[in-house]
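Under my numbering, read the sequence shown as residues 1 to 62, first letter to last.
Below is one structure, written out as structure tokens, with a few remarks after it.
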Amino acid sequence: MDLPEHPHYPCILAVLNQATGPLRPKDVCEALSHELLPKDVEGSRAKLKHAVRASTTRSSRL
Numbered sequence: 001m002d003l004p005e006h007p008h009y010p011c012i013l014a015v016l017n018q019a020t021g022p023l024r025p026k027d028v029c030e031a032l033s034h035e036l037l038p039k040d041v042e043g044s045r046a047k048l049k050h051a052v053r054a055s056t057t058r059s060s061r062l
């Protein structure tokens, strides 16, 4: 997956890999011990969206 070099992406992917069910951006923030402020939750939401877009773009090229 072609993700930007940002320290949060590997951490977010680790949280998703350990999940046993669906997660909301707020759950990801909580798992990463981030504050649950709207700006932090929205930042996580944006990173999750970016990861999904990168993954689907890569899959469509295969």
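All C-beta atoms in this analysis are idealised placements derived from N, C-alpha and C, irrespective of residue type, glycine included.
This structure is a prediction, so every number in the text was calculated from the model and none was measured.
Taking Cβ to Cβ, would you say residue i is nearer than 9 Å to residue j?
| i | j | result |
| --- | --- | --- |
| valine 41 | proline 22 | no |
| leucine 32 | valine 15 | yes |
Quick one: residues in its chain with C-beta nearer than 7 Å to the C-beta of residue i, no 5 flanking neighbours on either side, listed in chain order?
| i | result |
| --- | --- |
| lysine 47 | His8, Tyr9, Ile12 |
My guess is that residue i and residue j are in contact by the Cβ rule of under 8 Å, so how many angstroms apart are they, rounded?
| i | j | result |
| --- | --- | --- |
| leucine 37 | glutamate 30 | Not really, about 12 Å apart at Cβ, beyond 8 Å. |
Which of the three DSSP states, helix, strand or coil, is assigned to residue i?
| i | result |
| --- | --- |
| arginine 24 | coil |
| glutamate 42 | helix |
| leucine 48 | helix |
| histidine 8 | helix |
Leaving out the 5 sequence neighbours to the left and right, which residues in its chain are closer than 6 Å to residue i when beta-carbon positions are compared?
| i | result |
| --- | --- |
| serine 44 | Pro25, Val28, Cys29 |
With a CB to CB cut of under 8 Å and the five nearest residues on each side skipped, what residues in its chain are close to residue i?
| i | result |
| --- | --- |
| lysine 49 | none |
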